[in-house]
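In this note's numbering, the protein residues as written are 27 to 667. In this text, a Cβ means the ideal position worked out from N, Cα and C, and glycines have one as well. Note that the structure is predicted; figures quoted are calculated from it, not measured. Below is one structure, written out as structure tokens; comments come after it.
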């Protein structure tokens, strides 16, 4: 029997304003109750209150089955006629959630605080969609839907995905930080994309996606990652968002630390037959010092051409060999390798060097990371940009083919040696985070001096956060330590400037605790139910056993028999919904069709393409709303349009 409109339970005893006992009615004994949204009405200060909540657990008690004599009968018969079943007492514990009140039936419902207790016997009903919409009517312009209540497929759970700007335009006035976490297969990427598309509806909000895996870069190129069917790129086009992708080769790199790391990534050390770790570091440092010498005539952005490399190699052999190697044998071997390179104009070292020089050169009107970040955050209200920084190995390998045959040898070498290393990723991300931390304060301060009270209203989506801000880090990982410290600082200090961070990850327990403490909005999918992960979940939701038990009962989406039956359960905590209080909300995430339908997302199906993008394909699509930059596409100030 399915019960929707009838009363499910009544308020029982004992009850407090934090935890109320529900006595389940006989007619509701066959209804699904766990995860269902319920409500009851009461009076407070002469006003009608509607108190909502979500049932997280049920209990059943039968005093006869606890009687020793009856247990002996049960051992033989399995049940006791007229006592088993019919004498069961079912109850639930309800922690009140959002509370709404109104002065009279002609007024809109508004938020209230429950400061009293309803009398025993007060009817508790299942919350219907029509009543839910009536309760949140005053908020309807700020609401999105990404799923249905965990225990009732007929009720859509309203969610907030507000921008960080002026509250008068539907913003929050400040940034909130978000974590979307779940095991592989929990649906976290799809939920993250839905959340991102909700934010993308706000034309006044700029968005930066730091993409170390390349998933979002592929999506905006119209290659759908995963099986959700979500038309990510086509919805962005329908929203008329200005989208840009940058790979490593499409920005102008800066800084000697990054330069030294790239020398090693591209195999300049191998070309010189330098094998020891300390020797490699000395070699890279020597390159930087030679360029910095007053009489060299070189800077990081003027290294292209054979003359620059020839000068550096000659100085390396003449003045730095004794620093790189203490012994004469090593010094002589280094000098021999230098001469071999200088005598062979087809040596691989020349093409490797040319690529290093290209990455730091000013040609092609490529912007620096700092310039991209500044244009993003300082862009005017209206159709603000969405920028994807693709730091993935696969995406940047493909970009090598977009540069023509000048780096053909390097592409072939990349099959054996990874050019786009983890260390390189960390250094670039450090530059991104550092620039955002510094520039958001500068931009807001400048605006305040000019009488402009706007913040930067920017969301940064950051995937695989545990790689860059882990709970613990190796003692010898200096790059990792610097990046973690800078990321923690940015998360702690940028909220007031309207810069919010959203992290997608497979772990909570593996993330730095200070970052967790700064996060306000949590979306936790299936799979974090053991060890330090479960302990982290407990700490987030306050240790409530009913909430934790319901989360642990989530079914693995992979264990469903068919795709049509598959559900993706989620627990959300924080100021994520008008139904939020001090307890999490539980929901099953939408599929792609329902997400588009219930949020009225525009889908632009023009130039639809399903194959994995290649650089040639990307060029052919450059006339659409979604662009992937090549060397010739870039122009100064593209975000100022």
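Assign residue i to one of two classes, buried (16 or more other C-beta atoms within 10 Å of its C-beta) or exposed (fewer than that).
i	result
residue 278	buried
residue 408	exposed
residue 301	exposed
residue 42	exposed
residue 62	buried
residue 348	exposed
residue 228	buried
residue 240	buried
residue 92	exposed
residue 525	buried
residue 583	buried
residue 461	buried
residue 719	Residue 719 falls outside the range modelled here, since the chain spans only 27 to 667, and no answer is possible.
residue 666	For residue 666, the predicted structure reports a pLDDT of 42, less than 50, and the residue's modelled location is therefore unreliable. The matter cannot be settled from this model.
residue 585	exposed
residue 331	exposed
residue 418	buried
residue 640	Since pLDDT at residue 640 reaches only 35, below the 50 mark, its modelled position is unreliable, and the value read off the structure follows with that caveat. It is exposed - the Cβ of residue 640 has fewer than 16 other Cβ atoms within 10 Å.
residue 40	exposed
residue 101	exposed
residue 411	buried
residue 139	exposed
residue 30	Only weak support exists for where residue 30 lies, its pLDDT of 44 falling under 50; the value from the coordinates is given anyway. The residue is exposed, with fewer than 16 neighbouring Cβ atoms inside 10 Å.
residue 543	exposed
residue 358	exposed
Of all the options the options, which has the alpha carbon lying nearest to the alpha carbon of residue i?
i	options	result
residue 207	500, 566, 375, 601	566
residue 147	219, 223, 38	38
residue 376	352, 351, 240, 335	335
residue 268	360, 87, 405, 303	405
residue 75	491, 507, 141, 461	141
residue 385	80, 304, 454, 204	454
residue 216	388, 620, 632	620
residue 570	44, 485, 34, 345	44
residue 594	420, 52, 209	209
residue 631	87, 260, 126, 203	260
residue 88	113, 67, 79, 49	113
residue 366	65, 343, 94	343
residue 624	294, 494, 428, 220	220
residue 256	237, 286, 222	222
residue 195	231, 212, 218	231
residue 629	266, 363, 502	266
residue 143	135, 473, 475, 71	71
residue 310	46, 323, 321, 285	285
residue 425	275, 280, 323	275
residue 379	53, 360, 293	293
Hey, residue i and residue j are a contact pair by Cβ (cut 8 Å); roughly how many whole angstroms apart?
i	j	result
residue 510	residue 531	At roughly 14 Å, the Cβ-Cβ gap does not stay under 8 Å, so residue 510 and residue 531 are not in contact.
residue 549	residue 598	5 Å
residue 55	residue 152	The pair is not a contact, with the Cβ atoms about 14 Å apart (cut-off 8 Å).
residue 545	residue 326	That pair is no contact at about 37 Å.
residue 150	residue 604	Not confirmed; about 20 Å, so no contact.
residue 21	residue 73	This structure gives no information on residue 21, because the portion of the chain shown stretches from 27 to 667.
residue 312	residue 346	4 Å
residue 383	residue 329	4 Å
residue 536	residue 496	6 Å
residue 492	residue 121	In fact, because the Cβ distance is near 31 Å, the residues do not count as touching under 8 Å.
residue 83	residue 617	About 28 Å; that fails the 8 Å criterion.
residue 272	residue 458	Not a contact, Cβ separation roughly 11 Å.
residue 447	residue 291	5 Å
Taking 8 Å as the cut-off, is the C-beta of residue i nearer than that to any heavy atom in the ligand SAH?
i	result
residue 276	Absence of the ligand SAH is noted for the structure shown, with no ligands found whatsoever.
Problem - Ordered list of beta strand (DSSP E) runs contained in the stretch 48 to 127, each at least 3 residues - result: 63 to 70, 73 to 80, 84 to 87, 115 to 120
Problem - Entirely enclosed beta strand (DSSP E) segments - the stretch 475 to 514, minimum 3 residues - result: 484 to 489
Exercise for the section: Determine, using beta-carbon pairs with one atom in the stretch 182 to 194 and one in the stretch 476 to 483, whether at least three such pairs fall under 8 Å. Expected result: yes
Exercise for the section: Could you tell me whether the stretch 173 to 187 touches the stretch 613 to 633, where touching means 3 or more Cβ pairs closer than 8 Å? Expected result: yes
Exercise for the section: Would you be able to state if there are at least three C-beta pairs under 8 Å between the stretch 241 to 252 and the stretch 463 to 472? Expected result: no
Handout entry: At least three beta-carbon pairs within less than 8 Å, the stretch 166 to 177 to the stretch 47 to 61
Key = yes
Handout entry: Residue ranges of each alpha helix (DSSP H) within the stretch 567 to 620, 4 or longer
Key = 571 to 578
Practice task
Decide yes or no for the touch test of the stretch 166 to 173 against the stretch 580 to 591: beta carbon pairs closer than 8 Å, at least 3 of them.
Solution key: no
Handout entry: In chain order, each beta strand (DSSP E) run of at least 3 residues that lies wholly inside the stretch 118 to 185
Key = 125 to 128, 136 to 138, 149 to 152, 169 to 175
Exercise for the section: Could you name each continuous alpha helix (DSSP H) segment of 4 residues or more that falls completely within the stretch 350 to 426, going from the start of the chain to the end? Expected result: 354 to 369, 374 to 386, 395 to 404
Exercise for the section: Tell me, please, whether the stretch 554 to 570 touches the stretch 251 to 263 by the rule of three or more beta-carbon pairs shorter than 8 Å. Expected result: no
Problem - Sequence ranges, beta strand (DSSP E) only - wholly within the stretch 184 to 268, length at least 3 - result: 204 to 207, 232 to 237
Practice task
Examine the Cβ distances between the stretch 310 to 318 and the stretch 337 to 356 and report whether three or more of them are shorter than 8 Å.
Solution key: yes
Exercise for the section: Indicate whether the contact test is met: 3 or more Cβ pairs, each with one atom in the stretch 350 to 364 and one in the stretch 291 to 300, closer than 8 Å. Expected result: yes
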